[in-house]
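Novice: Please find one structure pasted underneath; my questions will follow.
In full-length UniProt numbering, the protein residues as written are 1 to 506.
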């Protein structure tokens, strides 16, 4: 491996992380480059993992953040995005990484049809794989993301009185951010009335063809067989959509399934209406009976919304009664406006992903690469119910899960709550009976239960299985910046553990 030195030319990638793994455009061609002048520090471990990757088809450790498949071709083929983001990653090489920071470079690359509509309503955007998605809504007016100013370098004039930059700067803290109360209002409005979330940045794929059912049975651990079984619609978080696309495409090729994956991500928007008032609101917009009997949880229908054909799914990622509307791009604005008009008398508010982060952790819904990583298993994560192990249908990873179940779990994902109102963000140490047994993967503040929530995997220091008795018999504390705080461990979500709200029972 080439070694970086303090002199000479260094390579910087758009997110300041190496490029590793199999190139999706050319199977069998692996990358191990882009070390951002940190080759001496990263070379040994990355070389070992890359060797394992080549031999076994996957790395042994979690290398997701370095995986070349994290980048969408729309971005890597765009010279402005590469130039701007690579410059900013170099400029911020030694900057403190704050929990809610966002890039200023390479912005507004991928915007959905509701972008201008939400910007006018005070949306403060986050960037995920080029997409601009709603972060939260400021009552202070509009905060558009301006063209990158290179921080005043190369003869560029630095922006003056930059509202978006100022809002970001206000969040450069490891305390609760100054907008904590604004996000609280979005969360409590969702729990008490209703909130609308623009999730249009999601990847939307169709899996179709002669072997679509065989492919779905093999790809997905859950039983997704439904009549007539000739096609599947996949909605995937926009930040991981390209990685999912590349993974599924590779499996289809390796297994020689006679089917194809069609990408409709840019063609469809996704509007989610959640909360106890969502049924009353959407009943005025959709031409269908939305009762529990007529439209049960986890089902979908093709319906008309304000005269436009949409796919309505009764799902929730925040733990409330709610529906997702998957809408053709030209219809997004009129459907959104119809929802807002119908919701005005019900207390409907706009909300963003900062609220989703809080609401979802409060409900115990898992986040990819926080609660779930490539080196975690569904059994360890408490997701055994998503695996069709009681059937005899083979699926990718089944043998590994059966072996793990037979041996017993050596670690387990737990929920923790802390009564003291202290911010946590992840990587805090988990103490049990005076010993460190793991670290927090994800943490946030739950406004409904009015406590800090955190999720992390624990191990038994003796190396034995982590039994339920082991979990229940411990006294726990979480360590933040050298200070430990008493914590309570939960095997179920402390909010609505019986899942009544998603069933419309309030």
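Where is the CB? At the ideal position from N, CA and C, for every residue including glycine.
Are the segment 333-349 and the segment 194-214 in contact at 8 Å, needing three or more beta carbon pairs?
Specialist: With a cut-off of 8 Å, the segment 194-214 and the segment 333-349 count as touching, because enough Cβ pairs lie within range.
Novice: Can you grab the Cα-Cα spacing for the pair residue 279 / residue 297, in whole Å?
Specialist: Looking up residue 279 in the chain shown gives position 279. Looking up residue 297 in the chain shown gives position 297. Roughly 12 Å separates the two Cα atoms.
Novice: Quick check on the burial criterion: 16 or more other C-beta atoms within 10 angstroms. Buried or exposed for residue 498?
Specialist: As a first step, residue 498 must be located in the chain shown, where it is residue number 498. Exposed.
Novice: Exposed or buried, which one is residue 339 when buried takes at least 16 other CB atoms within 10 Å?
Specialist: Counting from 1 along the chain shown, the entry for residue 339 is found at position 339. Looking at its Cβ environment, which holds 16 or more other Cβ atoms inside 10 Å, residue 339 is buried.
Novice: If you follow the alpha helix (DSSP H) that residue 88 is in, where does it begin and where does it stop?
Specialist: As a working note, residue 88 is residue 88 in the chain shown. Looking at the DSSP string, the run of the alpha helix (DSSP H) that includes residue 88 is 79-91.
Novice: In the structure shown, what three-state DSSP assignment does residue 344 receive?
Specialist: For the purposes of this step, residue 344 is taken as residue 344 along the chain shown, with counting starting at 1. Residue 344: helix per DSSP, three-state reduction.
Novice: Give the secondary structure of residue 497 by DSSP, where H, G and I count as helix, E and B as strand, and everything else as coil.
Specialist: Numbered from 1 along the chain shown, position 497 holds the residue referred to as residue 497. Three-state result, residue 497: coil.
Novice: My assumption, with CB atoms under 8 Å, is that residue 20 sits in contact with residue 68. Please give the rounded CB distance.
Specialist: Position 20 of the chain shown, counting from 1, holds the residue named residue 20. Position 68 of the chain shown, counting from 1, holds the residue named residue 68. The pair is a contact, with the Cβ atoms about 6 Å apart (cut-off 8 Å).
Novice: Once DSSP output is grouped into helix, strand and coil, what is the label at residue 240?
Specialist: The residue you call residue 240 lines up with position 240 of the chain shown. Residue state, collapsed to three classes: helix.
Novice: Below 8 Å on the Cβ atoms is my contact criterion, and I expect residue 190 with residue 312 to pass it. Report the Cβ-Cβ distance as a whole number of Å.
Specialist: Here residue 190 refers to the residue found at position 190 of the chain shown. Here residue 312 refers to the residue found at position 312 of the chain shown. Incorrect: roughly 19 Å between the Cβ atoms, too far for contact.
Novice: Suppose you measure from the CA of residue 165 to the CA of residue 475; what does that come to, to the nearest Å?
Specialist: The residue you call residue 165 lines up with position 165 of the chain shown. The residue you call residue 475 lines up with position 475 of the chain shown. Going from the Cα of residue 165 to the Cα of residue 475 covers about 43 Å.
Novice: Enumerate in chain order the residues of its own chain whose CB-to-CB distance from residue 486 is below 6 Å, with the five nearest sequence positions on each side excluded.
Specialist: Start at 1 with the first residue of the chain shown, and residue 486 comes out as number 486. 477.
Novice: Hey, how far is the Cα of residue 235 from the Cα of residue 204?
Specialist: Here residue 235 corresponds to residue number 235 of the chain shown, with the count starting at 1. Here residue 204 corresponds to residue number 204 of the chain shown, with the count starting at 1. Computed Cα separation, rounded: 5 Å.
Novice: So, for residue 206: in the same chain, excluding its five sequence neighbours on each side, which residues have a beta-carbon less than 8 Å away from its beta-carbon?
Specialist: Here residue 206 refers to the residue found at position 206 when the chain shown is read from its first residue. Excluding residues within five positions, the ones whose Cβ falls inside 8 Å are 231, 232, 233, 234, 261, 262 and 264.
Novice: Which residue wins for smallest C-alpha separation from residue 33, given the options 269, 444 and 50?
Specialist: The residue labelled residue 33 in the question sits at position 33 within the chain shown. Cα-wise, what sits closest to residue 33 is 50.
Novice: Just verifying my parser: in three-state terms, what is the DSSP assignment at residue 129?
Specialist: For the purposes of this step, residue 129 is taken as residue 129 along the chain shown, with counting starting at 1. Looking at residue 129 - three-state DSSP - the assignment turns out to be coil, as it is neither helix nor strand.
Novice: Kindly list the residues whose CB is nearer than 6 Å to the CB of residue 493, restricted to its own chain and excluding five residues on each side of it in sequence; keep chain order.
Specialist: For this step, residue 493 is matched to residue 493 along the chain shown. Here the set comprises 363 and 364.
Novice: Output the boundary residues of the beta strand (DSSP E) element that contains residue 207.
Specialist: The sequence position of residue 207 within the chain shown is 207, counting from 1. Its beta strand (DSSP E) spans residues 203-209.
Novice: Do you know offhand how far residue 56's Cα is from residue 348's?
Specialist: On the chain shown, position 56 is the one that residue 56 refers to. On the chain shown, position 348 is the one that residue 348 refers to. Using only the alpha carbons, I get a separation of about 50 Å.
Novice: Do you know how far the Cα of residue 22 is from the Cα of residue 58?
Specialist: Here residue 58 refers to the residue found at position 58 of the chain shown. Here residue 22 refers to the residue found at position 22 of the chain shown. Taking the straight line joining both Cα atoms gives about 9 Å.
Novice: Taking DSSP as the reference, what is the three-state secondary structure of residue 506?
Specialist: For the purposes of this step, residue 506 is taken as the residue at position 506 of the chain shown. Coil at residue 506, not helix or strand.
Novice: For the beta strand (DSSP E) holding residue 298, just list the boundary residues, first then last.
Specialist: Reading the chain shown from its first residue, position 298 is the one you call residue 298. Where residue 298 is concerned, there is no enclosing beta strand (DSSP E), given that its DSSP letter is neither H nor E.
Novice: Which same chain residues, not among the five before or five after residue 248, have their C-beta less than 7 Å away from its C-beta?
Specialist: Reading the chain shown from its first residue, position 248 is the one you call residue 248. 219 and 261.
Novice: Run through DSSP, which three-state label would residue 23 get?
Specialist: Along the chain shown, read from residue 1 onward, the residue named residue 23 stands at position 23. If DSSP states are grouped into helix, strand and coil, residue 23 belongs with coil.
Novice: Look up residue 159 in the DSSP assignment and say whether it is helix, strand or coil.
Specialist: The residue you call residue 159 lines up with position 159 of the chain shown. If DSSP states are grouped into helix, strand and coil, residue 159 belongs with coil.
Novice: Please state whether DSSP places residue 308 in a helix, a strand or coil.
Specialist: For the purposes of this step, residue 308 is identified with residue 308 of the chain shown, where counting begins at 1. Residue state, collapsed to three classes: strand.
Novice: Could you give the distance in angstroms between the alpha-carbon of residue 133 and the alpha-carbon of residue 462?
Specialist: For the purposes of this step, residue 133 is identified with residue 133 of the chain shown, where counting begins at 1. For the purposes of this step, residue 462 is identified with residue 462 of the chain shown, where counting begins at 1. So the alpha carbons of these two residues sit roughly 45 Å apart.
Novice: Measure the C-alpha to C-alpha separation of residue 274 and residue 504 and round it to an integer number of angstroms.
Specialist: Reading the chain shown from its first residue, position 274 is the one you call residue 274. Reading the chain shown from its first residue, position 504 is the one you call residue 504. Distance between the alpha carbons of residue 274 and residue 504 is about 11 Å.
Novice: Less than 6 Å between C-beta atoms, sequence neighbours within five positions excluded: which residues of the same chain meet that for residue 393?
Specialist: Along the chain shown, read from residue 1 onward, the residue named residue 393 stands at position 393. Result list for residue 393: 217, in chain order.
Novice: What is the C-beta distance between residue 359 and residue 319, in whole angstroms, given that I count them as a contact (C-beta under 8 Å)?
Specialist: Locating residue 359 in the chain shown gives position 359, counting from the first residue. Locating residue 319 in the chain shown gives position 319, counting from the first residue. Between residue 319 and residue 359 the Cβ distance is about 7 Å, and since that is below 8 Å, they are a contact.
Novice: Taking residue 213 as part of the alpha helix (DSSP H), name the residues at either end of that continuous run.
Specialist: Numbered from its first residue, the chain shown carries residue 213 at position 213. Here the alpha helix (DSSP H) through residue 213 covers 212-219.
Novice: Mind checking whether residue 225 and residue 213 have CB atoms under 8 Å apart?
Specialist: Along the chain shown, one-based indexing puts residue 225 at 225. Along the chain shown, one-based indexing puts residue 213 at 213. Their beta carbons are under 8 Å apart, which means residue 225 touches residue 213 by this criterion.
Novice: Is DSSP giving residue 193 helix, strand or coil here?
Specialist: Locating residue 193 in the chain shown gives position 193, counting from the first residue. Here residue 193 sits in coil by DSSP.
Novice: Only counting the same chain, and skipping five residues up and downstream in sequence, which positions put a Cβ closer than 6 Å to that of residue 30?
Specialist: Within the chain shown, the letter at position 30 stands for residue 30. For residue 30, where only same-chain residues beyond five positions count, the Cβ hits under 6 Å are 22 and 54.
Novice: State the start and end residues of the unbroken alpha helix (DSSP H) segment that holds residue 52.
Specialist: The residue given as residue 52 occupies position 52 in the chain shown. Residue 52 -> alpha helix (DSSP H) spans 39-56.
Novice: Just checking my contact of residue 333 with residue 306 at CB under 8 Å: how many whole Å lie between their CB atoms?
Specialist: Position 333 of the chain shown, counting from 1, holds the residue named residue 333. Position 306 of the chain shown, counting from 1, holds the residue named residue 306. Going by Cβ atoms, the distance from residue 333 to residue 306 rounds to 10 Å, so no, they are not a contact pair.
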